[in-house]
Structures are given as C-alpha cells and as structure tokens.
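To convert a position in the sequence shown, counted from 1, into the numbering used here, add 68. Backbone N, C-alpha and C define an ideal beta-carbon position, used for all residues, glycine too. Being a predicted model, the structure only gives us computed values, none of them experimental.
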Amino acid sequence: MLAHITDDPGLLAAFERDDDVHAVTASEMFNVPRDKVTPELRRRAKTIVFGLAYGMSEFGLAAQLGIGKTEARAYIEQYFAKFPKVLQYMLDIVEEVKRTGYVTTVMNRRRYISEVHTRNRPIREAAERTAINTPIQGSSADIIKKAMVDLAREVLPKFPKAMMTLQVHDELLFDVPQSDVRALAPEVKAVMEGAYRLKVRLRVDTKVGPNWSEMEPLQ
Numbered sequence: 069m070l071a072h073i074t075d076d077p078g079l080l081a082a083f084e085r086d087d088d089v090h091a092v093t094a095s096e097m098f099n100v101p102r103d104k105v106t107p108e109l110r111r112r113a114k115t116i117v118f119g120l121a122y123g124m125s126e127f128g129l130a131a132q133l134g135i136g137k138t139e140a141r142a143y144i145e146q147y148f149a150k151f152p153k154v155l156q157y158m159l160d161i162v163e164e165v166k167r168t169g170y171v172t173t174v175m176n177r178r179r180y181i182s183e184v185h186t187r188n189r190p191i192r193e194a195a196e197r198t199a200i201n202t203p204i205q206g207s208s209a210d211i212i213k214k215a216m217v218d219l220a221r222e223v224l225p226k227f228p229k230a231m232m233t234l235q236v237h238d239e240l241l242f243d244v245p246q247s248d249v250r251a252l253a254p255e256v257k258a259v260m261e262g263a264y265r266l267k268v269r270l271r272v273d274t275k276v277g278p279n280w281s282e283m284e285p286l287q
C-alpha cells in the first residue's frame with residue numbers, strides 16, 4: 069500500500085521484481101549486498117518501514133529497536149534518502165489535511181482530523197501522524213472489507229458448509245469441510261488478490277490446518 073500511494077520508484081520496482089521488500093530496503097539503507105542482509109538488518113528495515121507508515125516518531129522507533137534517538141533519526145534520514153517519494157508523500161499529506169481538514173483512503177472514505185490546527189504541539193504532531201497513516205492503513209482496511217463482500221457474494225454461496233469466521237487485519241479465517249478445501253482455497257485467493265487494483269500486485273498466501281495454531285501452507 070505504501071508503494072501504491074507514494075508512487076516511489078524504488079518500492080514499485082522491488083514489488084515488480086517480486087523481491088523481499090524488507091531485504092531490499094535493508095540492502096539500500098545499510099549499503100550491503102542483498103545476499104549479505106542479515107535477519108537483524110531485515111528486522112530493523114521492516115520496523116522502520118512499518119513505523120514510518122504508521123506515523124512512528126524517531127523516539128518511538130528508538131524504543132522499538134532498542135537504540136538511541138540519534139541513531140533512530142539517522143535511520144529515518146537514510147530511508148528517506150533511498151525512497152524520497154515516501155518523504156514527499158508525508159509532507160504533502162500533512163499540507164493537505166491542514167488545507168481540507170480530512171484525508172481519504174483509496175476508496176474515498178474520509179477521515180476528518182481537526183487537531184492538526186491545535187497549538188498543542190504533542191496533539192498536533194499526533195494528528196499529523198494520523199493523517200500520514202490513515203490513507204495507508206485505512207486503504208488496507210477498505211480492501212479487505214471489499215474482499216469479504218466479494219467472497220460472500222461470489223464464492224461462499226458455492227460452498228454452503230464453509231463459513232468466513234474471522235478477519236484479523238489483512239487475514240481471513242474460514243471454517244471449511246476438508247472435502248471443500250482444495251476447491252475453495254484458489255477461489256478465495258483469486259478474489260482477495262483481485263479485490264482492488266493497485267500499482268503493485270496483491271499477493272495472498274493460503275494455509276490450512278485443523279485449528280488456528282496448526283496451519284501449514286496449502287500445497
């Protein structure tokens with residue numbers, strides 16, 4: 069979603085190549101070859117990407133990574149240097165919400181954020197982070213809800229014994245008779261991946277198991 073909204077060429081290219089985006093980010097940020105990216109560097113890159121997307125401050129990032137505030141600031145600056153359109157998006161969206169009073173998701177759902185005009189700095193900065201995050205997280209919520217509606221209309225009527233029982237962020241959980249799993253799973257995957265057309269392909273993995281804690285990739 070971040071790549072789609074920011075239109076950053078580095079992020080878009082990584083998705084088009086079907087790369088491990090967090091490994092690519094770590095390679096770019098820490099100036100190491102892709103095959104030399106360690107799990108720790110990948111973890112740090114992932115934390116930075118999600119943290120900035122969700123409006124995390126340098127103080128919050130420092131706490132998440134267990135590093136000093138100065139080091140966290142340096143990581144953020146490195147990330148913006150490698151993916152400049154992400155920074156431009158953040159600046160633009162804050163200006164937009166100050167001008168209009170709201171931000172929108174990809175499906176044009178509005179969120180009004182009046183606190184961007186307060187003189188109280190902590191409240192204002194929190195509102196700005198909300199403005200940055202809402203088009204990303206809110207759009208993701210739009211898409212999963214659209215997928216749920218599409219599944220209820222197009223797929224589940226074919227499988228009367230199957231039930232969509234739970235949504236957890238970008239995951240959907242189904243109770244399905246074992247005899248229906250192989251027929252249902254590819255239809256669910258196709259509908260979820262096609263719920264909304266982004267600049268990068270949505271990819272969905274399917275897992276199956278007797279309960280939620282014993283799930284294995286569907287072969």
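Around the C-beta of residue i, are 16 or more other C-beta atoms found within 10 angstroms, so that it is buried, or is it exposed?
i, result
"Ser-281", "exposed"
"Tyr-180", "exposed"
"Lys-153", "buried"
"Asp-103", "exposed"
"Val-100", "exposed"
Looking at the structure shown, is residue i part of a helix, part of a strand, or coil, going by DSSP?
i, result
"Met-232", "strand"
"Thr-172", "strand"
"Pro-285", "strand"
"Lys-63", "There is no way to answer for residue 63, as the model of the chain reaches only from 69 to 287."
"Ala-263", "coil"
"Pro-341", "What is shown of the chain runs 69 to 287, which leaves residue 341 out entirely."
"Leu-224", "helix"
"Asn-201", "helix"
At which residues does the beta strand (DSSP E) containing residue i begin and terminate?
i, result
"Asp-243", "239-243"
"Tyr-147", "Element bounds for Tyr-147: not the beta strand (DSSP E) but the alpha helix (DSSP H), 137-150."
"Arg-178", "178-180"
When the Cα of residue i is compared with those of the options, which residue comes out closest?
i, options, result
"Asp-238", "Leu-224, Pro-228, Met-216", "Met-216"
"Ala-195", "Thr-74, Met-231, Arg-110, Lys-166", "Lys-166"
"His-244", "Asn-176, Lys-226, Arg-192", "The question names His, yet the displayed sequence has Val at residue 244. Checking every option, the nearest Cα to that of Val-244 belongs to Lys-226."
"Leu-240", "Gln-246, Ser-247, Val-256, Val-249", "Val-256"
"Ala-220", "Ala-263, Val-236, Ser-207", "Ala-263"
"Arg-265", "Met-232, Asp-210, Arg-250, Gln-287", "Asp-210"
"Lys-214", "Lys-229, Gln-146, Gln-235, Met-231", "Gln-235"
"Met-283", "Arg-271, Ser-247, Phe-242", "Phe-242"
"Asp-248", "Val-223, Phe-127, Ala-113, Arg-271", "Val-223"
"Pro-107", "Glu-96, Phe-98, Lys-275, Ala-91", "Ala-91"
Along the alpha helix (DSSP H) that carries residue i, what are the first and last residues, could you check?
i, result
"Arg-112", "107-121"
"Gln-205", "Per DSSP, Gln-205 belongs to no alpha helix (DSSP H) and is neither H nor E."
"Arg-83", "In the sequence as displayed, the identity of residue 83 is Phe instead of Arg. Taken as a continuous stretch (DSSP letters only), the alpha helix (DSSP H) holding Phe-83 covers 77-84."
"Glu-126", "126-133"
"Thr-74", "70-74"
Between the stretch 183-201 and the stretch 156-169, do at least 3 Cβ pairs fall closer than 8 Å? In short, these stretches touch, since the Cβ pair count reaches three.
Flag this pair as touching only if the stretch 108-124 and the stretch 141-158 have three or more C-beta atom pairs under 8 Å; answer yes or no. Contact between the stretch 108-124 and the stretch 141-158 is present, because at least three Cβ pairs lie under 8 Å.
Segment contact, 8 Å Cβ cut-off, at least three pairs: the stretch 169-185 with the stretch 126-143: Put simply, the stretch 169-185 does not touch the stretch 126-143. Fewer than three CB pairs are less than 8 Å apart.
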